[in-house]
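Colleague:
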Amino acid sequence: GNSVTQMEGPVTLSEEAFLTINCTYTATGYPSLFWYVQYPGEGLQLLLKATKADDKGSNKGFEATYRKETTSFHLEKGSVQVSDSAVYFCALSEMDGGSQGNLIFGKGTKLSVKP
Amino acid sequence: GAGVSQSPRYKVAKRGQDVALRCDPISGHVSLFWYQQALGQGPEFLTYFQNEAQLDKSGLPSDRFFAERPEGSVSTLKIQRTQQEDSAVYLCASSPERTSGIFTDTQYFGPGTRLTVL
């Protein structure tokens, strides 16, 4: 079945450090890929998405590229801020094969950024 | 505009009690999803509605879980005879419309209901 694996946290970085959170997936078809973010005390928010191979999603300085050959969708940011402290979830969604498009999530990676 | 809202935000139940969790999706959104998020885990799919039709309930963990969306807007997730393992955050998400092919609609999540079963 479909699944998402992302690096375990917590990840602790100093402000302005480079961030990478690894995400790989297993899917039978051609999924769309997402990164969601959950700030403390808030609900899940879509951070970025990519719907086909080689697409790059970007938002708020974060980027992720859909790599079909490595089945990966790693999240990167060149310079993190304290306000980026949150839990980040990688997810996939498939519309074919009878799927209704429900999201399949990784376990989440908690990021803490220190000033 | 208003986002997805859920109520109550927190619910404490004694084992064996029945609970009802409400979701108000974004107005006009056709699709509605329920997810369960255990502590320290990612959300897991429970069930899906397209308007009032429940098209997928494959993620419901037992027959104690029941969901409805009778008028195609507000949805209620009901858990009968709650057990300790039901303790989790229950998330509701809505999206505008189903599409085919490789395009997938963004899902908009509510803040969740944290259920604690004692």
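Going down the list, the sequences are from chains A and B.
Heads up: the first sequence runs through residues 1 to 115, numbered per my numbering.
Heads up: the second sequence runs through residues 116 to 233, numbered per my numbering.
Built from N, CA and C at the ideal position, the CB exists for glycine as well.
Quick check: what's the CA-CA separation for A/Phe-89 versus A/Val-4?
Modeller: Here residue 89 of chain A refers to the residue found at position 89 when the first sequence is read from its first residue. Here residue 4 of chain A refers to the residue found at position 4 when the first sequence is read from its first residue. Approximately 10 Å, taken between the alpha carbons.
Colleague: Between A/Ser-72, A/Asp-84 and A/Lys-114, which lies nearest to A/Met-7 when the distance is taken from Cα to Cα?
Modeller: Reading the first sequence from its first residue, position 7 is the one you call residue 7 of chain A. For A/Met-7, the closest of A/Ser-72, A/Asp-84 and A/Lys-114 by C-alpha to C-alpha distance is A/Ser-72.
Colleague: Anyone know if the C-beta pair for B/Gln-169 and B/Pro-158 falls short of 9 Å?
Modeller: To locate residue 169 of chain B, count along the second sequence from 1; it is residue 54. To locate residue 158 of chain B, count along the second sequence from 1; it is residue 43. The answer is no: Cβ separation not under 9 Å.
Colleague: How about the segment 198-206 of chain B and the segment 225-232 of chain B: do they share at least three Cβ pairs that are nearer than 8 Å?
Modeller: With a cut-off of 8 Å on Cβ pairs, the segment 198-206 of chain B is in contact with the segment 225-232 of chain B, counting three or more such pairs.
Colleague: For B/Arg-124, which residues in the same chain have their Cβ closer than 8 Å to its Cβ, ignoring the five residues on either side in sequence?
Modeller: Translated into positions along the second sequence, residue 124 of chain B becomes position 9. So the qualifying residues of the chain are Pro-226, Gly-227, Thr-228 and Arg-229.
Colleague: For chain A, find out if any of its Cβ atoms is closer than 9 Å to the Cβ of B/Pro-140; answer yes or no.
Modeller: The residue you call residue 140 of chain B lines up with position 25 of the second sequence. Cβ-Cβ to chain A under 9 Å: no for B/Pro-140.
Colleague: Determine the chain A residues that contact B/Gln-205 at a beta-carbon separation under 9 Å, and present them in chain order.
Modeller: On the second sequence, residue 205 of chain B is found 90 positions in, with the first residue counted as 1. Note that residue 205 of chain B corresponds to Tyr in the displayed sequence, not to Gln. Neighbours of B/Tyr-205 on chain A: none; closest Cβ ~12 Å, over 9 Å.
Colleague: Using a C-beta to C-beta distance shorter than 8 Å, which residues of chain B count as neighbours of A/Glu-42?
Modeller: Position 42 of the first sequence, counted from the start, is the residue given in the question as residue 42 of chain A. Chain B residues near A/Glu-42: Pro-226.
Colleague: Following the continuous beta strand (DSSP E) through B/Leu-154, name the residue where it begins and the one where it ends.
Modeller: Within the second sequence, numbered from 1, the residue matching residue 154 of chain B stands at position 39. Element bounds for B/Leu-154: n/a, residue is neither H nor E.
Colleague: Between B/Phe-148 and chain A, is there a C-beta pair that is closer than 9 Å?
Modeller: Position 33 of the second sequence, counted from the first residue, corresponds to residue 148 of chain B. Interface flag for B/Phe-148 against chain A is set, since a Cβ pair is found closer than 9 Å.
Colleague: Would you report the Cα separation of A/Gly-101 and B/Ala-117, rounded to the nearest angstrom?
Modeller: As a first step, residue 101 of chain A is located in the first sequence; it is residue number 101 there, counting from the start. As a first step, residue 117 of chain B is located in the second sequence; it is residue number 2 there, counting from the start. The straight-line gap from Cα to Cα measures roughly 23 Å.
Colleague: How about B/Gly-174 and B/Phe-164: do their beta carbons lie closer than 9 Å?
Modeller: Taking the second sequence and counting its residues from 1, the one referred to as residue 174 of chain B is at position 59. Taking the second sequence and counting its residues from 1, the one referred to as residue 164 of chain B is at position 49. No, Cβ-Cβ distance for B/Gly-174 and B/Phe-164 is not below 9 Å.
Colleague: If you measure from the beta carbon of A/Leu-103 to each beta carbon in chain B, is any gap under 9 Å?
Modeller: Position 103 of the first sequence, counted from the start, is the residue given in the question as residue 103 of chain A. The C-beta of A/Leu-103 comes closer than 9 Å to at least one C-beta of chain B.
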